[in-house]
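Quick notes on the structure that follows.
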Amino acid sequence: GAPVEAAFSPDSRYAYVSNYSLYGSGYNNQGADSCSPGSGYDESVVYRIDTETLAVDDVIPVGSVPKYLAVSPDGRRLVVSNWCSYSVSVIDTDTGRVLKEVEVGAYPRGIAIEPTSRTAYIAVMGSRHIAALDLRSYRVRTMPDIGTAPRHLVLDPSGRFLYVTLNGDGTVAKVRVRTGEVVARTATGGAPRSMVMAPDGRSLYVVNYESASVSKLRASDLELLQTVPTAPSPIGITYDAERHNLWVACYGGSILIFKDRLA
């Protein structure tokens, strides 16, 4: 396959990995980034990996071109965004069974699940909205007019605010979950993509794909605190809470480590 993202169970026993496309017998129409449910691309799978043995111990069928995935805080549900199917798959982690596939709009990408594990928020990148999916009833509520091409989502520790990178606008927005209101917005650079929050919830870190940079924002008001250059095309980011290091992966093959001296 062609792995895209990984998500860990709360106890770190399992890693779930999305596969953009599959290759080999029976797979003849691999996916692409420009697509629709009518494109006829192959459906794909999520692998479950035992983190002690590193063996794939389950293979879960999902939609076409799965990209992002998230495990609920209670560990009971896995939610996968199916880019070309315009849907998300909701999976029971105990059985590995797909409970429901729900349409949410064109090009679903980032996912964040609230602390109660009741609602999953999905960034619908081919739109200006975020979809709020009830993980019990599977009803979808739309948070409209957030901005152009929402890509990555992060919830604050309280679950009251949602942060979203707007790939088409070059901004990051802060959204009040209860009302869907955008309460702050800040320009960070060209095509902000992935984002991570510091463990204390005070800072956000965003990679700007077209600007070849990473930005640090104050979470309370989205004030831009610092922007530093990276290698070309930064795409992935994570935070090492123990060492206060920021890890940035770039499409060219490099991985950069930054010391967060203001942490």
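Per this note's numbering, the sequence shown starts with residue 294, numbered consecutively.
Backbone N, C-alpha and C fix where the C-beta goes; we use that ideal spot for every residue, glycine too.
The model shown is predicted, which means the values in this text are computed figures rather than measured ones.
query                                                                                                                           : result
Segment limits, beta strand (DSSP E) that includes M418                                                                         : Note, M418: premise wrong, no beta strand (DSSP E); not H, not E.
L510 versus G317: straight-line alpha-carbon distance, rounded                                                                  : 44 Å
Under 8 Å between C-beta atoms of V372 and V381                                                                                 : yes
L446 beta carbon less than 8 Å from that of G483                                                                                : no
Inter-residue spacing [alpha-carbon to alpha-carbon] between Q323 and A466                                                      : 34 Å
Rounded C-alpha distance that separates W540 from I530                                                                          : 6 Å
Counted within 10 angstroms of its Cβ, other Cβ atoms place R536 as buried (16 or more) or exposed                              : exposed
Start and end residues, beta strand (DSSP E) containing G537                                                                    : Per the sequence shown, the amino acid found at residue 537 is His instead of Gly. Careful: H537 lies outside any beta strand (DSSP E) and carries neither H nor E.
Own chain residues within Cβ distance below 6 Å of A407, not counting five before or after                                      : A quick correction: the sequence has Glu, not Ala, at residue 407. G452.
Selection from Y334, P330 and C328 that minimises the alpha carbon distance to G319                                             : Y334
Length-filtered (3 minimum) beta strand (DSSP E) runs lying within the stretch 420-489                                          : 423-427, 433-436, 443-448, 454-459, 464-469 and 474-480
Range covered by the beta strand (DSSP E) that runs through P525                                                                : Element bounds for P525: n/a, residue is neither H nor E.
8 Å CB neighbourhood of I423 in its chain, flanking five on each side removed                                                   : Y414, I415, A416, V417, T435, M436, I439, P443, L446, L455, V457, V468 and G473
Beta-carbon contacts of L315 that lie in its chain and below 7 Å, excluding the five residues immediately before and after      : G294, D335, S337 and V338
Residues near S378 by beta carbon distance below 6 Å, same chain, minus five either side                                        : P330, G356 and S357
Straight-line Cα distance separating Y313 from S327                                                                             : 13 Å
Coarse secondary structure for G557, derived from DSSP in three states                                                          : Here the chain has residues from 294 to 556 only, and residue 557 is not among them.
Contacts around G419, its chain only, beta-carbon distance under 6 Å, and the 5 residues preceding and following it disregarded : A399 and Y400
Pick from A480, P450, L448 and D449 that is closest to L459, judged by C-alpha positions                                        : A480
Residues bridged to D304 [DSSP beta-bridge criterion]                                                                           : In the DSSP output, where bridge partners are listed per residue, D304 has none listed.
Test item: CB-CB of G389 and R341 under 8 Å                                                                                     : yes
Own chain partners of Y307 with C-beta closer than 6 Å, once the 5 adjacent residues on each side are dropped                   : R341
The beta strand (DSSP E) enclosing V372, as first and last residue numbers                                                      : R370 to N375
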